[in-house]
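Chemist: Below is a structure I'd like to ask you about.
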Amino acid sequence: MNREDLIQKWLDHNLNPTELEAFKKLEDYPSLIKLDQELIDFKPNTIDIDEAYNNVWTSVNSTKKKPKKLLATLSKIAAILVICFGFYFYTTTLDTTSHTIASQQKSIVLPDASQVQLNAMSTITFNKSNWNDSRSLTLNGEAFFKVAKGKKFDVNTTIGTVTVLGTQFNVKQRNDYLEVTCYEGKVGVYSEEKETTLLPGDTFLIIDGKYIATEKENLSHPSWLDNKSTFKSIPYKEVIAEFERQYNVSIEFNNINDSQNFTGSFTHNDIEIALKSITLPLQLKYSKTDNIIRLKRE
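If you count by this note's numbering, then the sequence shown holds residues 10 to 307, one letter each, in order.
Written out as structure tokens, the structure is:
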């Protein structure tokens, strides 16, 4: 068997014992083995694509004889490695994002089996590749968490960070609104305005940069999991915004003080009942045109 065929069969891992002995006697044998070892030693977590490509070509160029067939084969190997490793790094460093639209809830299981329930028009983003080293995600919206025990678990928002080990809690972050409620275990909340540790039933609330004291929470989980939004002395504008998210409508109004506090709730399953729930307590009337709702004083 000629030299080129031996090398080709070596590349295909298809040498029989007799051919293997003949291959070892080739003048290029040491250089080819060195090249093979360099390819084996590639480590995907730290590989530099350009460096990998250069290493292959350095080994090829150090070979005393460069038959065209061998050179073409090794070129293909180098090109495939570059593409494969490039694709590997592109896919493994991408963040995973889950989101919901209006009127939608979604259940998500994280890599450590922690569970997340997303409320309407909410988004979480996390990276699977380093999850075991850093259990950290970013939330924009509202979500209820059941965190598996393990390393520190961080929920990052634009207003503050929520840190736990293993517990159940709810986080709502909408623009300048941040509300964190602990249902089980302990929850640490860190923001520019205040840092605190929550115990079951405790709530941390910041609206427009101001920390607001709240009543004890007696429920075992947030009401929105049961398709009902509940508010305790919350500005009416937040109630309207949540209504729009749950029913995918636009609410318009004039001469209504949307900063006044509202205490009450509305269902997510019946828009007529829900509208009465948020208008009657404030003596408001409403009218509907397609997906636009207009509020006015009686």
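Where a beta carbon is used, it is the ideal one built from N, C-alpha and C, also for glycine.
All figures in this text were calculated on a predicted structure; none of them were measured in a lab.
Going by beta carbon distance, what residues of the same chain come within less than 6 Å of Ile302, once the five residues before and after it are set aside?
Modeler: So the list reads Val258, Ile260 and Tyr295, once near-sequence residues are dropped.
Chemist: Taking Ser200 as the reference, give the member of Glu30, Asp14 and Asp185 with the closest Cα.
Modeler: Out of Glu30, Asp14 and Asp185, Asp185 has the C-alpha closest to the C-alpha of Ser200.
Chemist: Name the DSSP bridge partner or partners of Asp217?
Modeler: Paired residue(s): none; Asp217 is not in a bridge.
Chemist: Taking C-beta to C-beta, are Thr239 and Ser232 nearer than 8 Å?
Modeler: Yes; because the gap between Cβ atoms is below 8 Å, this pair is in contact.
Chemist: Leaving aside the five residues before and after Ile280 along the sequence, list all residues of the same chain whose C-beta is less than 7 Å from its C-beta, in chain order.
Modeler: Contacts found: Tyr256.
Chemist: Whose CA, out of Leu15, Gln177 and Gly159, lies closest to the CA of Tyr38?
Modeler: For Tyr38, the nearest C-alpha among the options comes from Leu15.
Chemist: Check the DSSP bridge columns for Ala152 and list the partner residues they point to.
Modeler: Answer by DSSP bridge pairing, in chain order: Leu127 and Val180.
Chemist: According to DSSP, which residues form a beta bridge with Asp142?
Modeler: According to DSSP, which records beta bridges pairwise, Asp142 is partnered with nothing at all.
Chemist: Tell me the rounded alpha-carbon separation between Phe154 and Phe135.
Modeler: Rounded to the nearest angstrom, the two C-alpha atoms are 14 Å apart.
Chemist: How long is the line joining the alpha carbons of Tyr220 and Leu187, rounded to whole angstroms?
Modeler: Each residue's Cα considered, the two are about 9 Å apart.
Chemist: I'd like the span of the beta strand (DSSP E) that includes Val171, first residue to last.
Modeler: Counting along the chain, the beta strand (DSSP E) containing Val171 begins and ends at Gly169 to Val173.
Chemist: Starting from Thr288, trace the beta strand (DSSP E) in both directions and tell me its first and last residue.
Modeler: It is not in any beta strand (DSSP E) - Thr288 instead sits in the alpha helix (DSSP H) that spans Ile280 to Thr288.
Chemist: Among Arg12, Leu234, Thr27 and Ala111, whose alpha-carbon lies nearest the alpha-carbon of Arg254?
Modeler: The residue with the shortest Cα to Cα distance from Arg254 is Ala111.
Chemist: Does the beta carbon of Gly194 sit closer than 8 Å to a beta carbon anywhere in chain C?
Modeler: Here chain C cannot be found, since the structure has a single protein chain.
Chemist: From the DSSP output, in three-state form, read off Val198 for me.
Modeler: Note: Val198 maps to strand in three-state DSSP.
Chemist: Quick one: Cα of Lys297 to Cα of Leu289, how far?
Modeler: Approximately 16 Å between the Cα atoms of the pair.
Chemist: Count the other CB atoms within 10 Å of the CB of Ile282; is the residue buried (16 or more) or exposed (fewer)?
Modeler: Exposed, since its Cβ has fewer than 16 Cβ neighbours within 10 Å.
Chemist: Are Leu174 and Val164 close, meaning C-beta to C-beta below 8 Å?
Modeler: The answer is no: Cβ separation not under 8 Å.
Chemist: Taking the beta strand (DSSP E) that Lys246 falls in, what are its first and last residues?
Modeler: Counting along the chain, Lys246 falls outside any beta strand (DSSP E), though it belongs to the alpha helix (DSSP H) covering Tyr245 to Tyr256.
Chemist: Between Val4 and Gly169, which are expected to be in contact by the criterion C-beta below 8 Å, what is the C-beta distance as a whole number of angstroms?
Modeler: There is no way to answer for residue 4, as the model of the chain reaches only from 10 to 307.
Chemist: Ignore the nearest five residues each way along the sequence and tell me which others in Lys118's own chain have a CB closer than 7 Å to its CB.
Modeler: It is Val, not Lys, that sits at residue 118 in the sequence shown. Excluding positions up to five away in sequence, the list reads Gln124.
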